[in-house]
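What follows is a set of notes on a single structure, which appears directly below.
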Amino acid sequence: MKAGRFKQWAAGIAAAAVPVLAFAQAADPKPWQLNMGQGVTVQSANAYGAHMFALWVCVGIGLLVFAAMGYAMFKFRKSKGAVPDKDFTHSTRLEIIWTVVPVVLLVLMAFPATSKLIQMYDTRNAEMTVKVTGFQWMWKYEYLGENVGFTSRLDRKSEALRQSGKVVSGQDHEHYLLDVDNVLVLPTDTKIRFVITADDVIHAWWVPALGWKQDAIPGLVNEAWTEIKRPGVYRGQCAELCGKDHGFMPIVVKAVPKAEFAQWLAAQKARNAPNPAPAPAQPAAPAEAAPAEGAASNTAEAPTAVAVAG
Ligand SMILES: [Cu+2]
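Structure, rendered in structure tokens:
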């Protein structure tokens, strides 16, 4: 009977482990995911590396401390006749050790973390720039200098399902509330600069697989960059409570090889050609549009170069 229960447990653990192992390599976060995702960009790899380093340092400290506590409790227990030392007040040597060791550990961890953080905010030498504007409740994307831009909002199927009031399962919609009408198409192996702002209230643009999130604040242009290593579809959400539909303005990034991106961009340009001033450009306030537009001119040539390369 005990063996039967053991088998049940073993089967349960194995069943739980299979999806965990399968998800270990997935880019987007999954239900019951235990560890931080590795993502698909230089920055997400950096963040994962720093996180794992700190984790193993903590594991080492935990093992040492709990082993010392366990040993002391077992070895010097009352039943063995141990008597507490009532005269002990302090030990200068010990105090120096337990001050110096954590300081050394913190510096050891801070050094790689700081250098990676500096790299994370270095948007220089970007090959192209995408302007992201948050709205209640959708996103607008503009490929600066390319005359390509569009809005991206919750897909109609998710919208209909959520309005229906029924309990939605994975069978109704594989990416319920995580799908959009127009995906943000980006090239892989390209340093892409983002300028991020908002039109009404504070939003935050967050795609976990890219390894960062950035606040989208009205009247302010925040910067970020990414370099996606692996083609694929990566999903995210607004990460700043922005009103009643905060949970319904997902983000979908489709990363494609450079050549494919050049083709896509050319097709978008051709589509925009007859009416060069698309209506969505209007909501952007002049104060925030000006610096972004000015900054764009630096990088305006880069995507053309991409197109040639492709
Ligand atoms: Cu929002």
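Those letters in the sequence shown? Residues -26 to -1, 1 to 284, by mature numbering (1 follows the signal peptide of the UniProt record, and there is no 0). Idealized CB from N, CA, C, for every residue including glycine. The model shown is predicted, which means the values in this text are computed figures rather than measured ones.
Return yes when at least one heavy atom of ligand 1 lies under 6 Å from the C-beta of residue i, else no.
i: Met223; result: yes
i: His149; result: no
i: His220; result: yes
i: His64; result: no
i: His25; result: no
i: Cys212; result: yes
i: Cys32; result: no
What three-state label does DSSP hand residue i in the structure shown?
i: Arg130; result: helix
i: Pro224; result: coil
i: Asn196; result: strand
i: Val(-9); result: In this prediction, Val(-9) has a pLDDT of 44, which is less than 50 and means its spatial position is unreliable; what the coordinates show is noted afterwards. Helix at Val(-9).
i: Leu29; result: helix
i: Leu8; result: coil
i: Thr66; result: helix
i: Glu120; result: coil
i: Trp111; result: coil
i: Gly158; result: Gly is not the amino acid found at residue 158; the sequence shown has Leu there. Reduced to three states, the DSSP call for Leu158 is strand.
i: Phe85; result: helix
i: Asp96; result: coil
i: Ala281; result: At Ala281, the pLDDT of 39 sits below 50, so the modelled position is not reliable; the number obtained from the coordinates is stated separately. Ala281 falls in the helix class under three-state DSSP.
Have a look at residue i and residue j and give me their C-alpha separation to the nearest angstrom.
i: Val207; j: Val226; result: 7 Å
i: Glu133; j: Lys114; result: 18 Å
i: Thr15; j: Glu116; result: 21 Å
i: Pro86; j: Leu80; result: 11 Å
i: Thr107; j: Ile191; result: 9 Å
i: Ala(-3); j: Gly11; result: Unreliable placement is indicated for Ala(-3), whose pLDDT of 40 sits below 50; no coordinate value is reported for it.
i: Phe235; j: Asp155; result: 18 Å
i: Ala261; j: Gly193; result: For Ala261, the predicted model reports a pLDDT of 46, less than 50, meaning its position is unreliable; a value from the coordinates is still stated below. Roughly 7 Å separates the two Cα atoms.
i: Ile92; j: Gly23; result: 15 Å
i: Val57; j: Gln7; result: 48 Å
i: Asp129; j: Lys90; result: 36 Å
i: residue 295; j: Glu214; result: Not covered by the structure: residue 295. The range shown for the chain is -26 to 284.
Notebook entry, point to check: Pairing CB atoms from the region 213 to 228 with CB atoms from the region 179 to 188, are three or more of them under 8 Å?
Noted result: Flag = yes, the region 213 to 228 and the region 179 to 188 touch.
inquiry  = Does the structure place the region 26 to 39 close enough to the region 83 to 99 that three or more beta carbon pairs sit under 8 Å?
reply    = Enough Cβ pairs lie closer than 8 Å, so yes.
Worksheet item: Are the region 159 to 166 and the region 54 to 72 touching by the rule of at least three beta carbon pairs closer than 8 Å?
Response: With the cut-off at 8 Å, the region 159 to 166 and the region 54 to 72 do not touch.
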